Amino acid sequence: MEIPLDPAGGLVLVPVLPGDHTELLALMDPIYRDAYRFAWKDQGDWYVSLIYSPETLQKELNRARSHYFFVALAGKKIGILKYDYPFSPREIEIPNSMKLHRLYLHRDVHGKGIAKTLVAHCENEATKNGLESLWLEVMSCQPQAKRFYEKMGFGPFFNYQLDFEMLLPAYRGIEIWKKSLG
């Protein structure tokens with residue numbers, strides 16, 4: 106069932122289903138590479154193939170805590186939103202929280218307030234479900250993403266390094282950012 110976020114503007118969330126693998130990959134391959142190609146030895150081939158594989162999609166959709174959507178604007182899919190709850194990072198305990206797992210939008214719609222609307226949706230869902238905080242992971246090498254999340258009330262909470270062999274060493278820094286609710 107679609108979730109209307111801005112009915113007047115045509116912004117809706119459309120659940121990602123198991124049969125949507127091909128469409129998801131076709132949407133996310135250019136969106137992901139546009140933002141992160143520079144960080145990978147193979148321009149992101151390994152990561153895109155892993156994260157958007159049919160097996161990974163099925164595994165994620167089978168988890169009751171996962172909520173995975175296409176973001177559509179005026180009937181056109183322009184990105185994805187995925188959040189998981191209750192969910193705490195492995196690296197540090199954040200109890201009773203929601204992970205804002207994936208928020209990717211096509212660059213043509215950046216700066217239009219869509220990401221802000223999507224974060225507000227996550228906050229509403231978390232509050233409605235009695236959660237105390239939201240958290241996310243952001244690459245240290247993405248200052249524009251960090252500025253956006255800071256404006257949305259998130260702050261740095263914990264840092265670690267990814268050990269993905271295909272990720273260039275200079276770009277392995279990951280920051281967990283957190284926002285308390287209520």
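Throughout the sequence shown, residue numbering follows this note's numbering, covering 106 to 287 in sequence.
All C-beta atoms, glycine included, are put in the ideal place defined by N, C-alpha and C.
It should be emphasised that the depicted structure is a prediction, and the values quoted were computed from it without experimental measurement.
C-alpha distance - residue i paired with residue j, whole-angstrom precision
i    : j    : result
W240 : F192 : 9 Å
Q163 : L208 : 19 Å
E270 : G114 : 42 Å
I199 : E107 : 30 Å
D111 : E242 : 26 Å
D189 : E160 : 18 Å
H211 : I185 : 9 Å
Boundaries (first-last residue) of the beta strand (DSSP E) holding residue i
i    : result
M244 : 238-244
R207 : 202-210
A177 : 171-178
K181 : 181-189
Reference residue i, options the options, closest by Cα
i    : options                : result
M244 : I199, W282, N234       : W282
E128 : P194, V176, G218       : V176
K256 : G287, E237, G218       : G218
Y265 : H126, S171, P194, M203 : P194
P248 : P109, H206, A140, E237 : A140
For residue i, the first and last residue of its enclosing alpha helix (DSSP H)
i    : result
F253 : 248-256
TODO: Could you say if the stretch 223-232 and the stretch 140-159 meet the contact criterion of at least three C-beta pairs nearer than 8 Å?
DONE: no
Task: Contact the stretch 272-286 vs the stretch 133-146: 3+ CB pairs below 8 Å - done: yes
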